[in-house]
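*Asks:*
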Amino acid sequence: MLMIPRDPRGILYFLTHRSLWKPFLSRLGPYVTLAVGVVGGMFAFTYLPQLAVLVLFNCPLAVARTVLLVFSESSAIINIVSRN
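Here the sequence shown is numbered in the working numbering, starting from 203 and rising by one per residue.
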């Protein structure tokens, strides 16, 4: 499903004003590094234990639900860490 913004003026404003690009790009690197580290760590340490528990209750959908659970937990951690 393609998400189309209702009011694209903000995106167009950002794309046409290069003075806004430098602050955005300066924050993008640390945020992407944080996100990759957290998601990678979460999959490395929590995926298999959570999968083992979910297989008991959601056998056919356990793999997909575990992936969604790990992404959801990672999102919460990234949100908390990046705001502090």
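C-beta: ideal position from N, C-alpha, C; glycine also.
Could you check where the alpha helix (DSSP H) with V228 kicks off and where it finishes?
*Replies:* Before going on, a small fix: residue 228 reads as Ser here, not Val. Looking at the DSSP string, the run of the alpha helix (DSSP H) that includes S228 is W223 to F259.
*Asks:* Measure how close the beta-carbons of V265 and L253 come, nearest whole angstrom, since I'm counting them as under 8 Å.
*Replies:* That pair is a contact at about 7 Å.
*Asks:* Between the C-alpha atoms of R285 and R208, what's the straight-line distance to the nearest angstrom?
*Replies:* About 27 Å.
*Asks:* Given a cut-off of 8 Å on the beta-carbon distance, is the pair S276 and V241 in contact?
*Replies:* A contact, by the Cβ cut-off of 8 Å.
*Asks:* Between the C-alpha atoms of V272 and T248, what's the straight-line distance to the nearest angstrom?
*Replies:* Approximately 7 Å, taken between the alpha carbons.
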